[in-house]
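In the numbering used here, the protein residues as written are 29 to 354.
Quick reminder that beta carbons are idealized off the backbone N, C-alpha and C, glycines included.
Before any comments, here is the structure.
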Amino acid sequence: MNNRFNILSLPGGGFRGLYTAQIMADFEDQFGKPIGQSFDLIAGTSIGGILALAAAYEVPMSTVVDLFQDHGKKIFEKQRLNFLGIRKASYSNEHLKSQLIEFFGDSKIGNLKHNVIIPAINFSAGKPVVFKTPHYESFVRDHKYRIVDVALATSAAPTFFPKYNFDNSNFVDGGLFANNPGMLAIHEAQHFFNVSKDDIYLLNIGTLSSNLSDVVKKGQKGGMLDWANGFALHKAPKNIIELTLSTQQEMLTHMTRHVLGSRYFSIDANLSKSSSDYIGLDRCDDKAISVLISNAKQCSKEALGNANIRELLSHTAPIPSWIKKI
29 MNNRFNILSL PGGGFRGLYT AQIMADFEDQ FGKPIGQSFD LIAGTSIGGI
79 LALAAAYEVP MSTVVDLFQD HGKKIFEKQR LNFLGIRKAS YSNEHLKSQL
129 IEFFGDSKIG NLKHNVIIPA INFSAGKPVV FKTPHYESFV RDHKYRIVDV
179 ALATSAAPTF FPKYNFDNSN FVDGGLFANN PGMLAIHEAQ HFFNVSKDDI
229 YLLNIGTLSS NLSDVVKKGQ KGGMLDWANG FALHKAPKNI IELTLSTQQE
279 MLTHMTRHVL GSRYFSIDAN LSKSSSDYIG LDRCDDKAIS VLISNAKQCS
329 KEALGNANIR ELLSHTAPIP SWIKKI
């Protein structure tokens, strides 16, 4: 048990990340310590990437919950003069950026207190990237990047937010290839931390994500009207993005569970149709907040009743050796 290696995996999900943050806040309240201290590696994508960076920086999760509730409507405020999202993304990233600066200032990845990996896509190069703390001897670049820049890169969901430019490249949401970063984290543990698969324990905290599905109808042509499921054409690209994220997340979740077996734990919930209609990547009204918070409270209560999850959260990860070198 001394060789135990705990991984926290935080998938993307837009404003649904409030659910994830509330669960982590409940865990911090129960155990009286920052949640990052329980994990040897934290992996997060999109909003999960922002939460992973916050956990690794030991930002109190109750503060993150407040950010969602107090600033969600401003972050997801429709841009003006943007008919059908043709000219620009639905939302500006400026308010999100200002709030991230409130948390992190100009701190760098090298100023984090715990190991992290954060997927994104370098759209300028057409390649996936994974931003990392310098937990391996050849990782000599990413620790110089600002936390804010990495957070905005991993969460730049196409059509929702604009591409994010830094380090002479445009970046978009890592959820397009790893919305659930659990498998990336397992690979990282085995190949760069030299951890045996049998010593890996992984906790996935979801975002109440649901699968986008389609009712079979005659005469479907496959155009924008079909993808929008009606005449609100601006919904078409968003539906495509949601389908992309949810299906590959489900596949990666299945693979992670298959690899780790009983050492894989997931906290999520299956919502009723009436409740799921109230939440979405950019749904941040009072009803959405109520559904997300109430489900998070129930799920954290159930999780804390699980002896295996309590044991996982009771673990204290060693201070990363690279911290002393930077």
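Threonine 272 has its alpha-carbon roughly 14 Å from the corresponding atom of glycine 308. By the Cβ criterion, the stretch 297 to 312 is not in contact with the stretch 212 to 224, since fewer than three pairs of Cβ atoms, one from each stretch, lie closer than 8 Å. Shortest Cα-Cα distance from glycine 64 to any of Leu81, Ser74, Thr73 involves Leu81. Tyrosine 292 sits in a strand when the DSSP states are folded into three classes.
In the pairwise beta carbon analysis, the stretch 124 to 143 is classified as touching the stretch 83 to 93: at least three pairs are separated by under 8 Å. Counting along the chain, serine 135 sits inside no alpha helix (DSSP H), nor does DSSP assign it H or E at all.
Contact between the stretch 191 to 201 and the stretch 146 to 153 is present: three or more C-beta pairs spanning the two stretches fall below 8 Å.
A direct Cα-Cα distance of roughly 12 Å separates serine 318 from arginine 311.
Looking at the backbone, the Cα of tyrosine 164 and that of isoleucine 51 are separated by about 30 Å. If you draw a 10 Å sphere on the C-beta of proline 346, you find fewer than 16 other C-beta atoms in it, and that means exposed. Here the alpha carbon of glycine 60 sits roughly 10 Å from the alpha carbon of aspartate 54. Measuring C-alpha to C-alpha distances from threonine 91 to each of Ala117, Ser118, Asn34, Asp57 identifies Asp57 as the nearest.
For the options Leu212, Gly202, Leu38, Val168, the alpha carbon positioned closest to that of glycine 138 is the one of Val168.
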